[in-house]
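Novice: The sequence shown maps to residues 8 to 498 in the working numbering.
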Amino acid sequence: MAAREALGATAFDLLVIGGGVIGAATAAHAARAGLTVALVEKGDFGSGTSSASSKLVHGGLRYLRLGDVRLVREAHHERRTLAGSVAPHLVHRLPFLLPLYREGPFRPAFVQSGILLYSTLARSRLNWLVQPARAAELVPPLRRDGLRSCALYADAWTNDARLCLENVLAAAEAGATVVNRAEVVSLRLSGGRVAGAEVRLDGEVVDVAARVTINAAGPWVDEIRRLEDPRAGTSVRRSKGAHVLVPDGRGWTAALTIPQDDVRVTFAVPWYGLLLLGTTDTPYDGDPSAVSADEADVVQILGEAAKALPAELLDRCAVRASFAGLRVLPLGDGETADARRETVFSIGPGGMLSVAGGKLTTYRRIALDALARVRGPLGLRRVDRRPFALPGARGPAPAFDVELDPDVEAHLRHLYGSRAAAVARLAAPEPSLRERLHPDGPDIAAQAAFAIAEEWAETSDDVLRRRTTVALRGLADASAVGRVEGVLAGL
Ligand code: FAD
């Protein structure tokens, strides 16, 4: 039965609201435990926060500064697990340099002891101070005037949207009914208990019956809580974080962590040959769907990066793309930049579990903790916390039966892991599918066809922004959009 029909025709054990990384991983773990699961996402999978992060799988140096040793230890453990077995094709180790300028907020000895603790928690041996000349070998354009030394440590980078999507795939493979463009508009109540939801789908409202409901709606968490209890107050606060991408990440073999004050940092991360710069941290009370990077964000990010990078790299006209997302933080009075990045769990009067906040890095742990909290009502004896390989991490390395340029092959291996051969196979009989979506990037038309056939993509934005890297490279011009629309139309 197609997923859309199954949604209204099945009595589910579990309904998960929200197809970000937390909802997707929760659905995947639950389905693997043998439960009948529905995952509904109002937009595209990963279209919320899970495609708007700094794309780091990291312990989080600044959380150490905030005294959150437990979070850092857990995050490092998850980083090793993701890079080691869960998604090694998508999570890659990257050295980081933290430049220490004379006018900067930290003294080298203080930072060195912090890095030593961080690297001990990371079980990494990369934890020393390097001289400016060595630092400039790793990051050629690093500003060297006033630079005393740089702390060196290791974390990892990823493609957040694809990591989220692989969790949706894992859920579907394990038997979950996963549907995007399916918006929860109200909850079904039976004897005061939440018993599923009414979901708007293709212009109709479908009744989805479920014994247990988990609200993983990220920045929309309180909107869903109020469907259960209109008097429910506010459980979290939101803070906007924007990023920009500029050219010139080539030649960098490390990222930069640029201190702004004694807590906030700006990252400059080499990402697909570009530089990903960010992020801002500003309280946000507006409609989560309307969040975007505005001119003030862009100016702030470029200005903050200029503490360690030359002005010619950071020209406003050089910006290829920008995006913004919302952090979900526990309630509190202080600055959002100082707020702990903890996950907020709550159970409503009708028994719905809400889960929001935390980190992309620790998504697995958050999803497992959410399931553990509803283990009783789900009738699960135990929650299996062992990591499993995501679909692209299973099976042998892909062998391509069609000739592709080396950069395209490498890109497909990274984005799809062992599934890359299936993407290339689509291109074998059809030369037009071997063509690049934009001449300056490695994404090819077969990826658009694959996204539509195998990955629930329905619009050009789904393909260009979240299934491929075209939009964030600043290459989603009229011709690239036209090519994808042609594939969508079956041309
Ligand atoms: P989301 O991805 O927002 O998913 C919630 C989903 O619910 C959305 O897709 C939404 O459309 C859907 N939804 C809402 N309402 C409904 C409804 N009525 N019906 C159906 N669906 C609905 N973490 C790291 O580890 N590393 C980083 O580098 C990092 N950088 C970050 C930078 C920024 C600026 C921000 C904001 C966060 C960052 N994070 C990072 C944190 C990380 O991105 C988040 O913890 C994670 O993506 C949260 O995922 P989620 O599934 O909870 O939320």
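For every residue, glycine included, the Cβ atom is placed at its ideal position computed from N, Cα and C.
1. Compare the beta carbon distance of residue 364 and residue 349 with 9 Å and say whether it is the shorter of the two.
2. Got a sec? Which residues, its chain only, sit under 6 Å from residue 39 by beta carbon, not counting five neighbours each side?
3. At what residues does the alpha helix (DSSP H) containing residue 457 begin and finish?
4. What three-state label does DSSP hand residue 316 in the structure shown?
5. Closest by CA to residue 101, which one among 59, 260 and 388?
6. Taking all protein chains shown into account, decide if residue 1 is buried (16 or more other Cβ within 10 angstroms of its Cβ) or exposed.
7. Using the beta-carbon count (16 or more within 10 Å), is residue 304 buried or exposed?
8. Any heavy atom of the ligand FAD inside 8 Å of the beta-carbon of residue 99?
9. How long is the line joining the alpha carbons of residue 324 and residue 306, rounded to whole angstroms?
10. Please name the residue in 327, 149 and 132 whose C-alpha comes closest to that of residue 258.
11. Is the distance from the Cβ of residue 35 to the Cβ of residue 177 below 9 Å?
12. From 361, 271 and 413, pick the residue whose C-alpha is nearest to that of residue 222; which is it?
13. By DSSP, does residue 34 sit in helix, in strand, or in coil?
14. Pick from 439, 71 and 382: whose alpha carbon is nearest that of residue 42?
15. Round the Cβ separation of residue 243 and residue 357 to the nearest angstrom and send it over; I've been treating them as touching at under 8 Å.
16. Out of 59, 82, 61 and 94, state which residue places its alpha-carbon closest to the alpha-carbon of residue 70.
17. From which residue to which residue does the alpha helix (DSSP H) around residue 235 run?
18. Using a 10 Å radius around the Cβ and a threshold of 16 neighbouring Cβ atoms, would you call residue 494 buried or exposed?
19. With a 10 Å radius around its C-beta and 16 neighbouring C-beta atoms as the bar for buried, classify residue 338 as buried or exposed.
20. Count the other CB atoms, across all protein chains shown, that sit within 10 Å of the CB of residue 167; report buried if there are 16 or more and exposed otherwise.
21. Three Cβ pairs or more, each shorter than 8 Å: is that satisfied between the stretch 444-459 and the stretch 467-487?
22. Taking buried to mean at least 16 other C-beta atoms within 10 Å of its own C-beta, is residue 117 buried or exposed?
23. Which residues in the same chain have their Cβ closer than 8 Å to the Cβ of residue 285, if we skip the five residues on either side of it in sequence?
24. To the nearest angstrom, how far is it from the Cα of residue 322 to the Cα of residue 183?
25. With a threshold of 16 other CB atoms inside 10 Å of the CB of residue 354, please say whether the residue is buried or exposed.
26. Please report the distance separating the alpha-carbon of residue 37 from that of residue 55.
27. Measure the alpha-carbon distance for residue 377 versus residue 89 and round it to whole angstroms.
28. Would residue 138 be called buried (16 or more neighbouring beta carbons within 10 Å of its own) or exposed?
Specialist: The answer reads as follows:
1. What you label residue 364 is simply residue 357 of the sequence shown in a count that begins at 1. What you label residue 349 is simply residue 342 of the sequence shown in a count that begins at 1. The answer is yes: Cβ separation under 9 Å.
2. Walking along the sequence shown from the start, residue 39 turns up at place 32. Only 181 meet the Cβ criterion.
3. Your numbering for residue 457 matches position 450 in the sequence shown. First-last of the alpha helix (DSSP H) with residue 457: 452-461.
4. Residue mapping note: residue 316 aligns to position 309 of the sequence shown, counting from 1. DSSP places residue 316 in coil when its eight states are reduced to three.
5. As a first step, residue 101 is located in the sequence shown; it is residue number 94 there, counting from the start. Among 59, 260 and 388, the Cα nearest to that of residue 101 belongs to 260.
6. Within the shown structure, residues of the chain are numbered from 8 to 498, placing residue 1 beyond reach of any answer.
7. On the sequence shown, residue 304 is found 297 positions in, with the first residue counted as 1. Under this definition residue 304 is a buried residue.
8. Along the sequence shown, one-based indexing puts residue 99 at 92. Incorrect: residue 99 has no Cβ contact closer than 8 Å to the ligand FAD.
9. Taking the sequence shown and counting its residues from 1, one reaches residue 324 at position 317. Taking the sequence shown and counting its residues from 1, one reaches residue 306 at position 299. Distance between the alpha carbons of residue 324 and residue 306 is about 11 Å.
10. Translated into the one-based positions of the sequence shown, residue 258 becomes position 251. Taking only the C-alpha atoms, the option nearest residue 258 is 149.
11. Against the sequence shown, residue 35 aligns to sequence position 28. Against the sequence shown, residue 177 aligns to sequence position 170. Against a cut-off of 9 Å, the Cβ pair of residue 177 and residue 35 comes out as a contact.
12. The residue labelled residue 222 in the question sits at position 215 within the sequence shown. Considering only alpha carbons, the answer is 361.
13. Here residue 34 is taken as the residue at index 27 of the sequence shown, counted from 1. It is helical.
14. Along the sequence shown, one-based indexing puts residue 42 at 35. Nearest of 439, 71 and 382 to residue 42, Cα basis: 382.
15. Looking up residue 243 in the sequence shown gives position 236. Looking up residue 357 in the sequence shown gives position 350. About 19 Å separates the beta carbon of residue 243 from that of residue 357, a gap too long to meet the 8 Å contact definition.
16. Walking along the sequence shown from the start, residue 70 turns up at place 63. Residue 82 is the option with its Cα nearest to residue 70.
17. By 1-based counting over the sequence shown, the position of residue 235 is 228. Its alpha helix (DSSP H) spans residues 228-235.
18. Indexing the sequence shown from 1 puts residue 494 at position 487. Residue 494 is buried by the Cβ-count criterion.
19. On the sequence shown, position 331 is the one that residue 338 refers to. Exposed: under 16 other Cβ atoms inside 10 Å.
20. Mapped onto the sequence shown, residue 167 falls at position 160. Under this definition residue 167 is a buried residue.
21. yes
22. Here residue 117 refers to the residue found at position 110 when the sequence shown is read from its first residue. Label assigned to residue 117: exposed.
23. Stepping through the sequence shown from its first residue, residue 285 is reached at position 278. 61, 248, 249, 250, 251, 273, 274 and 308, listed in sequence order.
24. As a working mapping, residue 322 is identified with position 315 in the sequence shown. As a working mapping, residue 183 is identified with position 176 in the sequence shown. Here the alpha carbon of residue 322 sits roughly 47 Å from the alpha carbon of residue 183.
25. For this step, residue 354 is matched to residue 347 along the sequence shown. Its Cβ having fewer than 16 others within 10 Å, residue 354 is exposed.
26. The residue labelled residue 37 in the question sits at position 30 within the sequence shown. The residue labelled residue 55 in the question sits at position 48 within the sequence shown. Spanning the two alpha carbons is a distance of roughly 22 Å.
27. Residue numbering aside, residue 377 sits at position 370 when the sequence shown is read from its first letter. Residue numbering aside, residue 89 sits at position 82 when the sequence shown is read from its first letter. If you take the alpha carbons of residue 377 and residue 89, they lie about 19 Å apart.
28. On the sequence shown, residue 138 is found 131 positions in, with the first residue counted as 1. Burial is judged here by how many other beta carbons sit within 10 angstroms of a residue's own beta carbon; residue 138 has fewer than 16 and is exposed.
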